[in-house]
Amino acid sequence: MAKFIKIKCAFCGGTGKDPFGVPSKLSNCQVCQGKGEILTSEPYEECTACKGTGRAFHQRLTCSVCGGKGVMPKIPGRERKDGENITGLPKITAYGIKEYKQK
Numbered sequence: 610m611a612k613f614i615k616i617k618c619a620f621c622g623g624t625g626k627d628p629f630g631v632p633s634k635l636s637n638c639q640v641c642q643g644k645g646e647i648l649t650s651e652p653y654e655e656c657t658a659c660k661g662t663g664r665a666f667h668q669r670l671t672c673s674v675c676g677g678k679g680v681m682p683k684i685p686g687r688e689r690k691d692g693e694n695i696t697g698l699p700k701i702t703a704y705g706i707k708e709y710k711q712k
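Numbering (this note's numbering), first residue to last: 610 to 712.
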């Protein structure tokens, strides 16, 4: 059974308030609902899409990969080295979606 732990919300930085003050400065964070903490399963790792910020690249939106949490559950056996492709996962290119092939 997975063990869950509380960690600081990456989207609001643990304040519990919306980091952009939208729609008002009193609005609660949409990720942690104003608690400043989120539950995640152990083990976990930093989201590679948002680099742990919980925000989409240069936007006021939550990261679509981690949902604004800034972390992802670590899947055993899916570790990889920098630059190494994981086989079987889709790769989006300018010409559509392709699949990584095992060499």
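Built from N, CA and C at the ideal position, the CB exists for glycine as well.
Next on the checklist: My output table needs one value for I616: the three-state DSSP class, helix, strand or coil.
Outcome noted: Residue 616 sits at position 7 when you count from the first residue of the sequence shown. If DSSP states are grouped into helix, strand and coil, I616 belongs with the strands.
Item to check | Same chain, Cβ closer than 6 Å to P682, five either side skipped, listed in chain order | outcome: Counted from its first residue, the sequence shown places residue 682 at position 73. So the list reads S650 and Y653, once near-sequence residues are dropped.
Item to check | Length of the line joining the Cα atoms of G679 and P685 | outcome: Taking the first residue of the sequence shown as position 1, residue 679 is located at position 70. Taking the first residue of the sequence shown as position 1, residue 685 is located at position 76. Straight-line Cα distance between these residues: approximately 19 Å.
Next on the checklist: Considering just the uninterrupted stretch of the beta strand (DSSP E) at T657, what are its terminal residues?
Outcome noted: Translated into the one-based positions of the sequence shown, residue 657 becomes position 48. That residue, T657, is in no beta strand (DSSP E); it is neither H nor E in DSSP.
Next on the checklist: Using only the alpha-carbon positions, how far apart do A665 and C659 sit?
Outcome noted: One-based indexing of the sequence shown puts residue 665 at position 56. One-based indexing of the sequence shown puts residue 659 at position 50. Looking at the two C-alpha atoms, the distance is approximately 6 Å.
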